[in-house]
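What follows is a short report on a single structure.
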Amino acid sequence: MLRVLVFLVSVLAFVGDPLDAQTCEPAGDVNFVCGTTNPEDLYLVPDAPWVIASGRYSASEGPVYAVDLRDHSAQEIFPAGALPPEHDRDTYNACPGPNDVFQPHGLTLREGGGDVHTLYVVGHGAREAIEVFALDVGGAVP
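The sequence shown lines up with residues 80 to 221 when you count with my numbering.
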C-alpha cells in the first residue's frame, strides 16, 4: 500500500494545472481563443465578426459565449449579460417558459433580416428542449 501511495504522489507531483499550461499567444498562423469553459458547438454568424459558442458543463449551468473574430476575445452573453427572458407564448405556446437551469449543448442559427437572427440552442438538464433566442449582432456585443 505504501508503494502505491508513493507512486501516486510521485506521479501527481508532475501534473500541473491544465489552465497553467494554457496560452492565448498565436503559434505561427494559428490563433487561440481563451476565456471559455468547455466550448461544445460553434456557429459563425453571417456578415458579422462573431462566432457563437455553447459552453457545456456536465451537471451544472452553462453559458453561451460570443467570440470576437477581430481580437479573439470571448465573453459570456447568456445567462450573464442577457436581458430577462421573454416567453413568446404566441409562437411557443406549449413551452412552459424559461428554464431555471440552462445546460447548453449544440446550437444553430436562422438568419434574420438585418442584424437580428434566431439562435436555437439544445438545452439539457431539468428538461430536454430547444431554447430559442433573438440574437442581435448590431451592437458592440451580441
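We put the CB at the ideal spot given by N, CA and C, even for glycine. Owing to the predicted nature of the structure, the values given are computational and were not obtained by experimental measurement.
Asked: Selection from A213, F181 and V195 that minimises the alpha carbon distance to G202; Found: F181
Asked: Assigned secondary structure, S152 (DSSP; H/G/I helix, E/B strand, else coil); Found: strand
Asked: Length of the line joining the Cα atoms of T102 and F212; Found: 32 Å
Asked: H166 to F157 span [Cα, whole Å]; Found: 16 Å
Asked: S139 (DSSP reduced to helix, strand or coil); Found: coil
Asked: Nearest neighbour of P183, chosen from P142, G160 and V112 [CA to CA]; Found: P142
Asked: Beta bridge counterpart(s) of Y199 as assigned by DSSP; Found: T187 and V211
Asked: Boundaries (first-last residue) of the beta strand (DSSP E) holding Y122; Found: P118 to L123
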